[in-house]
Amino acid sequence: MVLAASGCVSQTLDSAGNPVAEKEFDAPAAAKSRMQLGLAYLRTGNSAQAKMNLLKAQEFAPDLPDVYYSLGYYYQSVGETEQAEEAYRHAIRLDPKNGEALNNFGAFLCGLGRYEESVEFFKKAIKAPGYIKVAGAYENAATCSHMEGKLEQAEKYYASALSHDTRRAASLLGMSETLYDRGDYVGARGYLNRFEQVARPNPRSLFLGLKVAKQTGDTKGVQHYGEELISKYPDSPFSQQYRSNDY
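Per the UniProt record's numbering, the sequence shown starts with residue 1, numbered consecutively.
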């Protein structure tokens with residue numbers, strides 16, 4: 001007589017000795033946990049643990065767009081440009097209307113000097129349903145347009161960013177710089193004033209302030225901004241430019 005072999009199955013029992021139903025493995029949730037852990041490791045500079053956790057997230061949920069744009073950010077951070085672009089594009093293929101992925105990929109392209117292409121992805125992010133970081137995407141589009149030398153376009157995008165967030169410091173300073181470069185020194189002064197009402201001065205804003213003061217004939221302003229720059233940020237490249245009268 002042949003007997004059927006019974007497998008040895010382990011069960012979890014409650015206090016009364018009754019079997020307890022075990023939860024099924026939630027792969028997407030596990031992937032997101034690994035993804036967040038990987039990004040946390042990346043922020044602390046532990047790239048090996050960051051990569052291990054992000055690849056584990058990819059293993060758990062190979063069709064989750066968030067995993068791929070997180071991998072893209074990892075590869076971007078460690079200088080693996082080709083792999084970063086591949087990961088970002090894969091995320092967008094999986095979810096073409098993922099605003100986070102579109103914006104992050106745009107920022108990646110801008111960093112490579114691919115300005116015109118980057119702006120197209122920022123525009124797609126802005127139009128993505130449910131994407132709430134619209135002011136940031138407009139600001140990114142403005143910054144990259146300015147870097148490309150398209151000042152009128154940069155001004156337009158900064159204006160859009162500020163229409164969504166009137167106190168957005170980086171956009172106020174960026175708009176001031178754009179107007180300065182366009183020769184609108186009065187306009188630049190106005191936006192710099194607004195920046196100074198919402199943010200602390202930094203080397204960049206102080207240097208812009210003294211340049212605007214110089215162009216508008218405000219000698220006291222030049223002295224004020226110059227002294228602030230030298231006293232608070234003596235080692236800044238902007239301080240060196242001021243000392244050399246290179247402004």
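Note that beta-carbon positions come from the ideal geometry of N, C-alpha and C, so glycine has one too.
In the structure shown, E24 adopts coil according to DSSP, grouped into three states. Secondary structure of E148 (DSSP, three-state): coil.
The stretch 130-143 makes contact with the stretch 164-173, as at least three CB pairs between them are under 8 angstroms. Rounded to the nearest whole angstrom, the CA to CA distance from S33 to Q49 is 14 angstroms. If you draw a straight line from the Cα of H146 to the Cα of L64, it is about 34 angstroms long. Within the same chain, P203, L206, F207, L210, S236, F238, S239 and Y242 come within 8 angstroms of L229 by CB-CB distance, once the 5 residues on both sides are set aside.
Within a 10 Å sphere around the beta-carbon of A84 sit 16 or more other beta-carbons, which makes this residue buried. Here the stretch 108-127 makes contact with the stretch 80-97; the two share three or more CB pairs at distances below 8 angstroms. Burial is judged here by how many other beta carbons sit within 10 angstroms of a residue's own beta carbon; R194 has at least 16 and is buried. It is roughly 29 angstroms from the alpha-carbon of Y41 to the alpha-carbon of A169. For I230, the enclosing alpha helix (DSSP H) has its first and last residue at T219 to K232. Secondary structure remark: continuous alpha helix (DSSP H) runs of at least 4 residues inside the UniProt repeat "TPR" (65-98), in chain order: 65-77 and 81-94. In this chain, R114 is not harboured by any alpha helix (DSSP H), its DSSP state being neither H nor E. K133 sits in coil when the DSSP states are folded into three classes, being neither helix nor strand.
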